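> Just so you know, we're using my numbering here: the sequence shown kicks off at 22 and counts up by one. Cβ atoms here follow ideal geometry from the backbone N, Cα and C, with glycine treated the same way. Values in this document were obtained by computation on a predicted structure and should not be read as measured data. I have a structure here, written as structure tokens, and I will follow up with some questions on it.
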Amino acid sequence: PEKMESLREVAEASGFVLAKGQGLHTSQLNRLLAQAQGTEFDELMNISTLRSMTQAYYNPLNFGHFGLALQNYAHFTSPIRRYSDLIVHRALIAGHGWGDDGLSAADIETLDETAKLISDTERRSMMAERDTSDRYLASYLADRVGAEFSGRISGVQRFGLFVKLDETGADGLVPIRAVGREYFHYDADTQTLVGSDTGQVIGIGQRVLVRLAEATPITGGLTLDLLSIDGAGLKTGRPPGKGGGKFAPRKPARAKAKDDATKRRVVRRRK
């Protein structure tokens, strides 16, 4: 439910509609993706939709397939023949008496453990693939530190913004310290950052211009500086205080009071 609500927030922020209800059906997600197809939000909505769905896992019980809208589904891919495929092949052999290499009674008893092992291994494989891709992209961009790139905000967290670059598809982080010259309140419900002084709202889907500050091939990390949002420069917070024109951070107590006021404004606006 929380992931679906987050997807709904992203859809509404991008100008699309995802119907509310007790249960979400594949047809509703397909309509959402159809709305976004061909628009500048196409990739964002595809990524957000995938993130909102529970990752597939293997199980001896037949739960169907949500993505394919099938009530009955068996994993059977040929000629790739991953281990999950071989399990199904051997089950068919045993069930139809086609040979001696079908599943044994002991194999059937441990299908739960086998399914979990396959699911865990597949997740590790996907993580390794993603990490490898990130490291190659960071290595490729290491010589372009200081260059500017256009992109789109793909994630918002308390510690900063995730940005997907248009040119390479790489994901980088704008640390919260590089977002602006004011304190930003993180609203988890709307996945936005709200400036305590200016009231500026920064959220998923907005177009940004960033500068590559650091590329670390060993970890695959990209650190970015935020230059502009939706074609406009960053808003300036409260006027600089004394001390050579340097920005004077607000005291914690005052910052908390402003945060509480900002949160009340966000809640009222959402209602």
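Measure the Cβ-Cβ separation of G181 and V195 and say whether it is below 8 Å.
As a first step, residue 181 must be located in the sequence shown, where it is residue number 160. As a first step, residue 195 must be located in the sequence shown, where it is residue number 174. Cβ distance < 8 Å, so G181 and V195 count as in contact.
> Quick test of the definition: if touching needs 3 or more C-beta pairs under 8 Å, does the region 79-95 touch the region 199-215?
With the cut-off at 8 Å, the region 79-95 and the region 199-215 do not touch.
> Is the beta carbon of S175 closer than 8 Å to that of I68?
Here residue 68 is taken as the residue at index 47 of the sequence shown, counted from 1. Here residue 175 is taken as the residue at index 154 of the sequence shown, counted from 1. In this structure, S175 lies closer than 8 Å to I68 by Cβ.
> Runs of 4 residues minimum, wholly inside the region 68-156: which ones carry the alpha helix (DSSP H) assignment?
The qualifying runs are 104-117 and 126-130.
> Can you check whether the CB of L53 is closer than 8 Å to the CB of A32?
Position 11 of the sequence shown, counted from the first residue, corresponds to residue 32. Position 32 of the sequence shown, counted from the first residue, corresponds to residue 53. Their beta carbons are under 8 Å apart, which means A32 touches L53 by this criterion.
> Tell me whether R173 is buried or exposed, calling it buried when 16 or more other Cβ atoms sit within 10 Å of its Cβ.
Sequence index remark: in the sequence shown, residue 173 carries index 152 (1-based). So R173 ends up on the buried side.
> Can you give me the C-alpha to C-alpha distance between Y104 and T142, rounded to a whole angstrom?
As a first step, residue 104 is located in the sequence shown; it is residue number 83 there, counting from the start. As a first step, residue 142 is located in the sequence shown; it is residue number 121 there, counting from the start. Rounded to whole angstroms, Y104 to T142 spans 11 Å at the Cα level.
> Since E235 and V166 are thought to touch, with beta carbons under 8 Å apart, how far apart are those beta carbons, to the nearest angstrom?
Along the sequence shown, read from residue 1 onward, the residue named residue 235 stands at position 214. Along the sequence shown, read from residue 1 onward, the residue named residue 166 stands at position 145. Sure, about 7 Å apart at Cβ, within 8 Å.
> From L45 to F183, what does the alpha carbon distance come to, in whole angstroms?
Walking along the sequence shown from the start, residue 45 turns up at place 24. Walking along the sequence shown from the start, residue 183 turns up at place 162. L45 and F183: Cα-Cα distance of roughly 27 Å.
> Going by the CB atoms, is the gap between L247 and V231 shorter than 8 Å?
Taking the sequence shown and counting its residues from 1, the one referred to as residue 231 is at position 210. Taking the sequence shown and counting its residues from 1, the one referred to as residue 247 is at position 226. Yes, the Cβ-Cβ distance between V231 and L247 is below 8 Å.
> Can you grab the Cα-Cα spacing for the pair L124 / V109, in whole Å?
One-based indexing of the sequence shown puts residue 124 at position 103. One-based indexing of the sequence shown puts residue 109 at position 88. Between L124 and V109, the C-alpha separation is close to 9 Å.
> Hey, how far is the Cα of K24 from the Cα of Y207?
Residue mapping note: residue 24 aligns to position 3 of the sequence shown, counting from 1. Residue mapping note: residue 207 aligns to position 186 of the sequence shown, counting from 1. Between K24 and Y207, the C-alpha separation is close to 17 Å.
> Quick check on L107: buried or exposed, where buried means 16 or more other Cβ atoms within 10 Å of its Cβ?
By 1-based counting over the sequence shown, the position of residue 107 is 86. It counts as exposed.
> Among residues of its own chain, excluding the 5 on either side of A168, which ones have a beta-carbon nearer than 6 Å to its beta-carbon?
Against the sequence shown, residue 168 aligns to sequence position 147. Cβ within range, chain order: L233.
> Whole angstroms is fine: what's the gap from F205's alpha carbon to K137's?
Locating residue 205 in the sequence shown gives position 184, where the first residue counts as 1. Locating residue 137 in the sequence shown gives position 116, where the first residue counts as 1. Between F205 and K137, the C-alpha separation is close to 42 Å.
> Which word fits R29, buried or exposed, when buried means at least 16 other C-beta atoms lie within 10 angstroms of its C-beta?
Locating residue 29 in the sequence shown gives position 8, where the first residue counts as 1. It counts as buried.
> Classify E150: buried if its beta carbon has 16 or more other beta carbons within 10 angstroms, exposed otherwise.
Along the sequence shown, read from residue 1 onward, the residue named residue 150 stands at position 129. Counting Cβ neighbours within 10 Å, E150 comes out exposed, since fewer than 16 surround it.
> Given this structure, state the Cα-to-Cα distance separating I6 from H96, to the nearest angstrom.
This structure gives no information on residue 6, because the portion of the chain shown stretches from 22 to 292.
> With DSSP as the reference, identify every bridge partner of H206, one or two as the case may be.
As a position in the sequence shown, residue 206 is number 185, starting the count at 1. Its beta-bridge partners are V215.
> Name the DSSP beta bridge partners of E294, please?
Residue 294 cannot be examined here, being either before or after the span of the chain that is shown, 22 to 292.
> Can you tell me where the beta strand (DSSP E) with V166 in it begins and where it stops?
On the sequence shown, residue 166 is found 145 positions in, with the first residue counted as 1. Note, V166: premise wrong, no beta strand (DSSP E); not H, not E.
> Would you say T328 and F84 are within 8 Å of each other, going by their C-beta atoms?
Since the first and last residues shown for the chain are 22 and 292, residue 328 lies out of range.
> Terminal residues of the continuous beta strand (DSSP E) containing L293?
This structure cannot settle anything about residue 293, because the visible part of the chain is limited to 22 through 292.
> Going by alpha carbons, who is nearest to I197 out of K185, R179, T189 and S140?
Here residue 197 corresponds to residue number 176 of the sequence shown, with the count starting at 1. Ranking the options by Cα distance to I197, first place goes to R179.
> Would you give the residue range spanned by the alpha helix (DSSP H) that K24 belongs to?
Numbered from 1 along the sequence shown, position 3 holds the residue referred to as residue 24. Where K24 is concerned, the enclosing alpha helix (DSSP H) stretches over E23 to A34.
> Within its chain, find whatever has a CB closer than 7 Å to the CB of A34; leave out the 5 residues flanking it on each side and keep chain order.
Looking up residue 34 in the sequence shown gives position 13. Taken in chain order, the residues that qualify are G224, I225 and G226.
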